[in-house]
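One structure is given here, and the rest of the page talks about it.
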Amino acid sequence: MRVKDKSIIVTGAGGGIGEGIARRLAAEGAQVIVNDINVALGEQVVEAILRAGGRASFFAADVTRSAEVKALVEAAVQRHGKLDVMVNNAGWTHRNRPALEVSEDEFDRCYAVNVKSIYLSTVHAVPAFRANGGGSFINIASTAGVRPRPGLTWYNGSKGAVITTSKSLAAEFGPDNIRVNCINPVFNPDTGLAAEFAGGPITEERKAKFRATIPLGRFSTALDVANAALYLASDEASFISGVCIEVDGARCV
Numbered sequence: 001m002r003v004k005d006k007s008i009i010v011t012g013a014g015g016g017i018g019e020g021i022a023r024r025l026a027a028e029g030a031q032v033i034v035n036d037i038n039v040a041l042g043e044q045v046v047e048a049i050l051r052a053g054g055r056a057s058f059f060a061a062d063v064t065r066s067a068e069v070k071a072l073v074e075a076a077v078q079r080h081g082k083l084d085v086m087v088n089n090a091g092w093t094h095r096n097r098p099a100l101e102v103s104e105d106e107f108d109r110c111y112a113v114n115v116k117s118i119y120l121s122t123v124h125a126v127p128a129f130r131a132n133g134g135g136s137f138i139n140i141a142s143t144a145g146v147r148p149r150p151g152l153t154w155y156n157g158s159k160g161a162v163i164t165t166s167k168s169l170a171a172e173f174g175p176d177n178i179r180v181n182c183i184n185p186v187f188n189p190d191t192g193l194a195a196e197f198a199g200g201p202i203t204e205e206r207k208a209k210f211r212a213t214i215p216l217g218r219f220s221t222a223l224d225v226a227n228a229a230l231y232l233a234s235d236e237a238s239f240i241s242g243v244c245i246e247v248d249g250a251r252c253v
């Protein structure tokens, strides 16, 4: 059990990558708080974890609202006596289109969900980590933040902000034994936002065109990302901080 008894929050865990991370961590002994704004989906993930013999509970919270993120962190401490790891997975994108066609509301939402959420989790989780003698943030960014392409310009920028902010936080909070790392997944056609990333229906033609840009010849899966998160959450990574693991089949090379 690589994360036995660790208290871990996973945001945006009602499906896709977040669900994969929550289930993988629970399978390795973690006490997981599944967070999502969709109660039904989040509770389904909890039920699946419990059926598999893991430990999990649900907490609904909007990661763009300070009071709700504060309550989420407090719930982890109340339920488990501590908080060891916070996985900031919740994310959102505008549809793939020219930069000038993205509305101000879409821009604001993109940066609120993808970037402001990192600020809020830092503000509210750092005191809990300090009280516990340290902790770990795992921020799910994207290869879009390292190898940006037209069509997702504002999303690309938001993920670039996550990467740079994570590195800065790692340097600032290292003396508190708080680690901060990123995971940069490549496109996964099975996530809920896949059509937005692609700018239209996920056709075989679209998939083949994108797959051709990945040297290993396949898309990332939730399990690929979850395995990276498991490593970063574990004590095996106790001296790993300020890094971004690209789970991308060498696309960014």
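Heads up: the sequence shown is residues 1 to 253, going by this note's numbering.
Every residue, glycine too, gets a C-beta built ideally from N, C-alpha and C.
Following the DSSP letters along the chain, one finds glycine 135 inside the beta strand (DSSP E) bounded by residues 135–140. Here arginine 79 carries a helix assignment [DSSP, helix/strand/coil].
When secondary structure is reduced to three states using DSSP, asparagine 89 falls in the coil class, being assigned neither helix nor strand. By the C-beta criterion, the stretch 141–154 is judged to be in contact with the stretch 87–103, since at least 3 inter-stretch pairs fall below 8 Å.
Between arginine 24 and alanine 226, the gap from beta carbon to beta carbon is short of 8 Å. Remark: three or more beta-carbon pairs, one from each stretch, lie closer than 8 Å, so the stretch 30–37 and the stretch 70–88 are flagged as touching.
According to the DSSP secondary-structure assignment, alanine 60 is paired through a beta bridge with Asp36. Considering only Val46, Val243 and Ala144, the residue with the shortest C-alpha distance to serine 158 is Ala144. Restricting attention to Cys182, Leu100, Ala75 and Leu41, the CA atom closest to the CA of valine 243 is found in Cys182. Counted as a single uninterrupted DSSP element, the alpha helix (DSSP H) harbouring serine 166 occupies residues 153–173.
The criterion of a C-beta distance shorter than 8 Å is satisfied by phenylalanine 173 and valine 126. Inter-residue distance for threonine 11 and alanine 56 is about 13 Å (C-alpha atoms, whole angstroms). For the pair leucine 216 and glutamate 246, the Cα-to-Cα distance works out to about 13 Å. In the structure shown, the three-state DSSP call for proline 185 is strand.
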